[in-house]
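Protein chains in written order, with the numbering used here: chain B, 78 to 261; chain V, 94 to 579.
Heads up, the beta-carbon is just placed ideally off N, CA and C, and yes, glycines get one too.
Working notes, structure below.
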Amino acid sequence: MRTPSGHKVYAMAAEYPSAGALYEAAKRVRDAGFRRWDVYSPFPIHGMDAAMGLGKSWLSGWVLFGGVSGLLTAALVEFGPSSFLYPLDVHGKPTNFMTVPAFFPIMFELTVLFGAFAAFFAMLIMNGLPRWYHPMFNWERFTRATNDGFFLMIEARDPRFTETGVRDLLQQSGGQHITIVHED
Amino acid sequence: MDAAPPAPEVIGGGGAASVDRPLARVPLVLNKRNFSWLTERISGVVENPAPRWWWVTFTITASVATFGLFCLGYQISTGVGTWGLNHPVGWAWDITNFVFWIGIGHAGTLISAILFLLRQKWRTSINRSAEAMTLFAVICAAIFPGVHVGRVWMAWYLAPLPNNYGIWPNFRSPLVWDVFAVSTYFTVSVLFWYTGLIPDLATLRDRTTSKIRKFLFGIFACGWRGSNRNWRHYEMAYLLLAGLSTPLVLSVHSVVSFDFATSILPTWHTTIFPPYFVAGAIFGGFAMVLTLLIPARAMFKLHDIITPQHIDKMAKIILLTGSFVAYAYTMEFFVAWYSGNSYERFAFWNRVFGPYWWYWWVGMLFCNCLSPQLFWFRWCRRNIFVVYFVCMCVNAGMWFERFIIIVGGLHRDFLPSAWGMFYPTWVDIWTYIGTLGIFTSLFLLFIRFLPMIAMSEVKTAVPEADVHYASPNGQHPVAAHRKEQR
């Protein structure tokens, strides 16, 4: 889809006066059956995931994976040298399996360390970040999305997208400054 | 703890408690400030030219930091003999400073992680600067164990790598646990801090007119645009980082205390050390948070965001953890008596009446046990000067406590023939003061270049952030504000 001036259309977007208004609008867009759309707010809005029809984030699965791999790494790093490569005789203390509690602190630390790395990188990857360019940045009002603005956008790629239909939906749900966002 | 006090008097921030609803919660952001005010005020700290006091303070602290670095260079190039350490006191100011700094970091993680899990929304005003403080404190802490080994170029022996004889570090040693604990703590704190910073860096990116700033903030904001599809994963990541940091912070000072507790020295060889150290760390850390935030709040006029309520709550945590610490001190004496061990009994008698007697009376008794008890009184928690006085006492007291534990434990050996005293040299003293300079310089740089209050988080503490919010007169305050602007 292109505008008369030849720009490729990315989406139609609107601004909402408050978090509550955006929340109500999101529910209407969800119920209208749209798939490729998003809302933007300067802070996470409590309840918005349900209003958008999104479930729980499974980022937690990656953190579990990270934590388990940290635990296994620690076990490998500790048992490998201390039991096989070079068992250290310190003050004649035993080096058998009964001494395994002495390995727990490092196992714990590496579990946390790998879990934290997993949480951080999974957050970036699942969000498609870093992505320094996005069509929404073409809309000059959109700079307020990180200040005090609440925005909703429906992508032109969405199968249910029609210019008049989406405009009506945004208008009826209380959207202001309704605009077409260009892709380029 | 979240219930608002009924009395309406509020210092320094304008009265906000409603008189007709005495049980209403005092708002966390005073004077009904809206989102754009919060953005303006917090970004303004970074965007406006540095005030004159900033340059004056920074010049002083940076000079002190430079001299501290010179002392470190002198110590490394000459040898550990430049410090006053010798037999029998082989650990003195270096390890005291290490434990002191690492402990200070703990308050930052407590605020950012534990209070997050406990849904204490008031943390949003202070968590960013407290986390920054954590990082800078851990940087200062890491200097000492790295340097006190003498030959710093051999510090890689601490890493889990075999040396040239194929010998690996002893993974059953608390000193190796400590390396893992502190480095994990620092790394996870950086990740947590940076995750929190991403939305705020995007705010600064979208506001700035300078090309360089736009580029740099843009790079580090990773293209954040506040999309709810992103917030969903972001919030889960934040929750899990908080969940991982909570046991981590408790483990770090526990592991630090194992350095002492697994030895056989009287006063060190105790099972109470891990909880005692953790409580002391949070106690000292909160005092440092207030030491930094009370002036910053006044300088940048942040009274509506860091309100008397916040200071009151932090004072209560100082009272709570200070009482834990006082209990632990008492228990140590009780166990020393009850154990019937003559060395243990002597060590504690020596702590109170020995050559370092005044360290105990001033540092541990007055500063750590008695001074926080002032916070039982509301008037004291609400008076900035009393709060600041107690915080300074606690800062000093916690340093004295670590000195007493370390040097107090070492200077009287089992045999009187091995008794000795510790006298710091100028290098000892100036290395420590130098780390104070490094710490304050880094903090001053932080408040100039990064948002010192988590904007995206503090906005969630404003009533308008609730989707079911309706203002009493039926008009939405954000919408009303927009109309004014147009």
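- Between residue 456 of chain V and residue 498 of chain V, the C-beta spacing is not below 8 Å.
- Contacts between residue 217 of chain B and chain V, judged by CB atoms closer than 7 Å, are missing: the closest CB pair is about 11 Å apart.
- With 16 or more other Cβ atoms inside 10 Å of its own Cβ, residue 115 of chain B counts as buried.
- A buried status is given to residue 452 of chain V, since no fewer than 16 other beta-carbon atoms sit within 10 Å of its beta-carbon.
- Considering only beta carbons, the part of the stretch 124-140 of chain V lying closer than 8 Å to chain B consists of 127, 128, 129 and 132, in chain order.
- For residue 163 of chain B, a Cβ of chain V is located within less than 8 Å of the residue's own Cβ.
- For residue 235 of chain B, no beta strand (DSSP E) segment is defined, and its DSSP state is neither H nor E.
- For residue 217 of chain B and residue 254 of chain B, the gap between their C-alpha atoms comes out near 11 Å.
- Contact between the stretch 339-352 of chain V and the stretch 300-317 of chain V is absent: fewer than three C-beta pairs spanning the two stretches fall below 8 Å.
- Close partners of residue 100 of chain B in chain V (Cβ separation under 7 Å): 560.
- With the rule of 3 Cβ pairs closer than 8 Å, the stretch 262-281 of chain V does not count as touching the stretch 294-314 of chain V.
- Contact with chain B is found for residue 260 of chain V, since one of that chain's Cβ atoms lies less than 8 Å from the residue's Cβ.
- Your pair residue 270 of chain V and residue 224 of chain V does not check out as a contact, with CB atoms roughly 24 Å apart and the cut at 8 Å.
- As the crow flies, the alpha-carbon of residue 458 of chain V is around 9 Å from that of residue 464 of chain V.
- Nearest to residue 210 of chain B by alpha-carbon distance, out of V:260, V:202, V:298 and V:255, is V:298.
- A straight-line Cα-Cα distance of about 34 Å links residue 444 of chain V and residue 277 of chain V.
- Residue 99 of chain B and residue 552 of chain V have their C-alpha atoms some 16 Å from each other.
- For residue 208 of chain B, the residues of chain V that pass the 7 Å Cβ criterion are 316, in the order they occur in the chain.
- Using beta-carbon distances, residue 91 of chain B does not count as an interface residue toward chain V, since no partner is under 8 Å.
- In the pairwise beta carbon analysis, the stretch 128-135 of chain B is classified as not touching the stretch 174-188 of chain B: fewer than three pairs are separated by under 8 Å.
- In this structure, DSSP gives residue 326 of chain V a helical state, which the three-state scheme calls helix.
- In the DSSP assignment, residue 256 of chain B is bridged to B:90.
- Listed in chain order, the alpha helix (DSSP H) elements of length 4 or more contained wholly in the stretch 440-527 of chain V are 471-475 and 477-503.
- Taking one beta carbon from each stretch, the stretch 403-421 of chain V and the stretch 330-338 of chain V have fewer than 3 pairs nearer than 8 Å; the two do not touch.
- Linking residue 504 of chain V to residue 515 of chain V through their CA atoms gives a straight-line distance of about 7 Å.
- Per the DSSP secondary-structure output, residue 116 of chain B pairs in a beta bridge with B:229.
- Exposed is the label assigned to residue 519 of chain V, since fewer than 16 other Cβ atoms lie within 10 Å of its Cβ.
- The stretch 290-369 of chain V contains, as complete alpha helix (DSSP H) runs of 4+ residues, the segments 304-314 and 321-354 (chain order).
- Only residues of its own chain outside the window of five on either side were considered, and among them 78, 86, 87, 88 and 89 have a CB closer than 8 Å to the CB of residue 233 of chain B, listed in chain order.
- Following the DSSP letters along the chain, one finds residue 139 of chain B inside the alpha helix (DSSP H) bounded by residues 136-156.
- Spanning the alpha carbons of residue 358 of chain V and residue 469 of chain V requires a straight line of approximately 36 Å.
- Excluding the 5 residues flanking it on each side, residue 512 of chain V has same chain C-beta neighbours closer than 8 Å at 181, 504, 505 and 506, in chain order.
- Within its own chain, no residue has a Cβ closer than 6 Å to the Cβ of residue 120 of chain B once the five positions on either side in sequence are excluded.
- For residue 159 of chain V, the uninterrupted alpha helix (DSSP H) segment begins and ends at 145-171.
- Secondary structure at residue 133 of chain B: coil, using DSSP grouped into helix, strand and coil.
- In the displayed model, residue 85 of chain B falls within a strand according to three-state DSSP.
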